Amino acid sequence: GQLRIGSFGLVNPYVKVGKTITPRFSYSAIGEYTYALNNYPFTLRNGIYSSRERRDNSRMSCGHGEINTRWRTTEQSAIDAKIYYYDNDRELPGRVVLYNNNSDDTLHDRNFFAQVSYLNTGWSKLSLRSVAKFNWDATFYHEVDGKYTGGFKDEYYIQREAYVSGSLLYTPVRSVALDYALDYSYNNLSSNGYTIAGPWRHSILQALSAKFNNNRILIIGRLLCSTFVNGVKRGEPVPDRTKLSPAVSVSVRPWSSQLIYLRAAYKNIFRIPTFNESYYYHLGSLSLKPEDTDQVNVGVTWQYGPRGVVSDITATADVYYNHVRDKIVAIPQNMFVWTMTNLDKVRAFGADITINANLELTNLHKLVIASTYSWQRVQPRTSPKDPDYNKQVAYTPQHNGAASVTWQNPWVDVVVKLSGCSDRYGTNSNLPNTRLPGYAELGVSLMREFSLRRHKLDLRLDALNITDTQYQIVSGYPMPGCAFRLTATYKL
Numbered sequence: 003g004q005l006r007i008g009s010f011g012l013v014n015p016y017v018k019v020g021k022t023i024t025p026r027f028s029y030s031a032i033g034e035y036t037y038a039l040n041n042y043p044f045t046l047r048n049g050i051y052s053s054r055e056r057r058d059n060s061r062m063s064c065g066h067g068e069i070n071t072r073w074r075t076t077e078q079s080a081i082d083a084k085i086y087y088y089d090n091d092r093e094l095p096g097r098v099v100l101y102n103n104n105s106d107d108t109l110h111d112r113n114f115f116a117q118v119s120y121l122n123t124g125w126s127k128l129s130l131r132s133v134a135k136f137n138w139d140a141t142f143y144h145e146v147d148g149k150y151t152g153g154f155k156d157e158y159y160i161q162r163e164a165y166v167s168g169s170l171l172y173t174p175v176r177s178v179a180l181d182y183a184l185d186y187s188y189n190n191l192s193s194n195g196y197t198i199a200g201p202w203r204h205s206i207l208q209a210l211s212a213k214f215n216n217n218r219i220l221i222i223g224r225l226l227c228s229t230f231v232n233g234v235k236r237g238e239p240v241p242d243r244t245k246l247s248p249a250v251s252v253s254v255r256p257w258s259s260q261l262i263y264l265r266a267a268y269k270n271i272f273r274i275p276t277f278n279e280s281y282y283y284h285l286g287s288l289s290l291k292p293e294d295t296d297q298v299n300v301g302v303t304w305q306y307g308p309r310g311v312v313s314d315i316t317a318t319a320d321v322y323y324n325h326v327r328d329k330i331v332a333i334p335q336n337m338f339v340w341t342m343t344n345l346d347k348v349r350a351f352g353a354d355i356t357i358n359a360n361l362e363l364t365n366l367h368k369l370v371i372a373s374t375y376s377w378q379r380v381q382p383r384t385s386p387k388d389p390d391y392n393k394q395v396a397y398t399p400q401h402n403g404a405a406s407v408t409w410q411n412p413w414v415d416v417v418v419k420l421s422g423c424s425d426r427y428g429t430n431s432n433l434p435n436t437r438l439p440g441y442a443e444l445g446v447s448l449m450r451e452f453s454l455r456r457h458k459l460d461l462r463l464d465a466l467n468i469t470d471t472q473y474q475i476v477s478g479y480p481m482p483g484c485a486f487r488l489t490a491t492y493k494l
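Throughout, our numbering is defined as the position within the sequence shown, counted from one, plus 2.
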């Protein structure tokens, strides 16, 4: 059992119960509920004037429950099943404009799915995995606006998906593996919010993969065939699509005495617009095209230790280039309505660096360090005559990163966390009045585990954004300042 309480009315109980009925059958059940007012204060600046305001219409009430079972039919085969339900009834805060942040909009999300999977590794060179799933997803949006008859508008969207998947793995020798996978899904949508009635889609994904690994060289190749057949009960559907997407990656360990790995990869990524992006009223666009990306990546991984106080250090560095055709970009209008558009051509350069280290100071004291940094330059490249040519794509920071240091000791474990990003813009044209300043958020956590006979009690106190930095992720929507959370977890 777990209970989390925190600032701005946060209450979050969680319970998990699990039991092994027989050596071959076990189950677990999970229940969770979260309630929060989210009425946090923020500073509103208007020219040379500023005032302290409070967020309005931000309450949320959500919960989820699930049941999981595992049945080991033999020593080499098992059947797993899950039933899941999620319900989130929340208010949607409005954009802060001058001294007005009022909103009466609400959003109610519900999701149910049931799935079963089967795994069999009982054959000498063959393994089989299969999955079947049914998913039901509903969204109810209530918007208050004087432009509608009666002063409000109600929209609902209900999506259903039936999904089956199967994959067969063949390993003729220890260093070679071949795999064929087939996924099929059927989706449809019911809605009162658009002129298109009853859209549906058949999706067929077939992947043929091969892997070679001799401990010094790892090569993985894959060819993916994606087929999408679209239709509607009334109106014009989005076009059918078929695409072949190759991918290959190579990792080499040049020296057996050193844990250094050099790698390179090429991958084609094809993404068709979702039903939300194509058919939702306000948000969707029938003219939205699939996104097609060619990605090239080179990188290195280095591991060191143990030596002295250093028990382990792992560092990675990657540089990549993406060429994107018809990139799908979402620009938020409010917390539910987003504008979906295509950028004809986009070029992206990027670099990712991670450093993780474990330091054994003494037998009872240990430092765990984790850090990550990303740089990305994502530029529209359709035509030099376009006003957004070579600008940064909306809501994409050039720099972002995070770092944490954990001090493990016999008394109270301490974690210090820092995360942040550089400036962003709310439009692809990078207009000065849409600039979102960069920010850095600092947090501290204290943790202690207590033994109560055969049981355990974990206590954790989190201080979030302790410098009370005010920042925005979406333009016009200030994020919370300093906040606290206390979590108690009891394990039988």
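Don't be surprised by glycine CBs; every beta carbon is placed ideally from N, CA and C.
Just so it is clear, the structure is predicted and the values come from calculations on it, not from any experiment.
Exposure label - residue i; buried when at least 16 CB within 10 Å
i	result
isoleucine 475	exposed
alanine 38	buried
arginine 218	exposed
valine 446	exposed
aspartate 390	buried
asparagine 324	buried
glutamine 515	With the chain covering 3 to 494 only, the question about residue 515 has no answer from this structure.
phenylalanine 44	buried
proline 439	exposed
leucine 246	exposed
arginine 456	exposed
valine 254	exposed
arginine 54	exposed
threonine 364	exposed
As assigned by DSSP and simplified to three states, the class of residue i
i	result
phenylalanine 272	strand
threonine 71	strand
glutamate 77	coil
tyrosine 186	strand
glycine 310	coil
threonine 341	strand
glycine 152	helix
threonine 429	coil
threonine 436	helix
leucine 39	coil
valine 98	coil
phenylalanine 10	coil
aspartate 464	strand
tryptophan 413	coil
serine 30	strand
glutamate 293	strand
asparagine 336	coil
threonine 469	coil
Residue i - containing beta strand (DSSP E), residue span
i	result
tyrosine 143	128-146
phenylalanine 486	485-493
arginine 379	368-382
methionine 481	From DSSP, methionine 481 is part of no beta strand (DSSP E); its letter is neither H nor E.
glutamine 410	401-410
glycine 233	219-233
alanine 442	441-454
glutamate 55	51-56
serine 251	243-254
arginine 112	108-122
asparagine 215	202-215
glutamine 474	474-476
Closest residue to residue i among the options (Cα-Cα distance)
i	options	result
lysine 155	Ser167, Leu109, Arg131 and Asn122	Leu109
asparagine 358	Asn344, Glu451 and Thr408	Thr408
valine 417	Ile371, Asp390 and Lys387	Ile371
histidine 66	Leu12, Ser53 and Asp89	Asp89
leucine 46	Val98, Ile23, Thr436 and Thr398	Val98
valine 326	Ala350, Thr343 and Leu94	Ala350
phenylalanine 27	Ser63, Ser258, Cys64 and Arg74	Arg74
isoleucine 32	Phe142, Ala134 and Lys18	Lys18
Range of the contiguous alpha helix (DSSP H) that encloses residue i
i	result
asparagine 48	No alpha helix (DSSP H) holds asparagine 48; the beta strand (DSSP E) holding it covers 43-48.
tyrosine 281	277-281
Residues of its chain near residue i, where Cβ-Cβ distance is below 6 Å and the 5 sequence neighbours each way are ignored
i	result
serine 313	Gly307, Asn360 and Glu362
leucine 207	Asp185 and Ser228
glutamine 4	Tyr16 and Thr491
threonine 356	Thr318 and Thr374
threonine 123	Gln78 and Ser129
asparagine 402	Ser376 and Cys423
threonine 429	Ala396 and Thr436
serine 385	none
arginine 236	Ala199
serine 251	Ile222 and Ala267
Distance cut-off 7 Å: residue i Cβ against heavy atoms of the ligand NAD
i	result
serine 289	With respect to small molecules bound, the structure shown includes none, and the ligand NAD cannot be examined in it.
Own chain residues within Cβ distance below 7 Å of residue i, not counting five before or after
i	result
methionine 454	For the record, residue 454 in the displayed sequence is leucine; it is not methionine. Result list for leucine 454: empty, nothing under 7 Å.
phenylalanine 277	Gln161, Asn189, Leu191 and Pro201
Neighbourhood of residue i by C-beta, 8 Å cutoff - its chain only, sequence neighbours within 5 removed
i	result
leucine 290	Val240, Pro275, Glu279, Ser280, Ile330, Met342, Thr343 and Asn344
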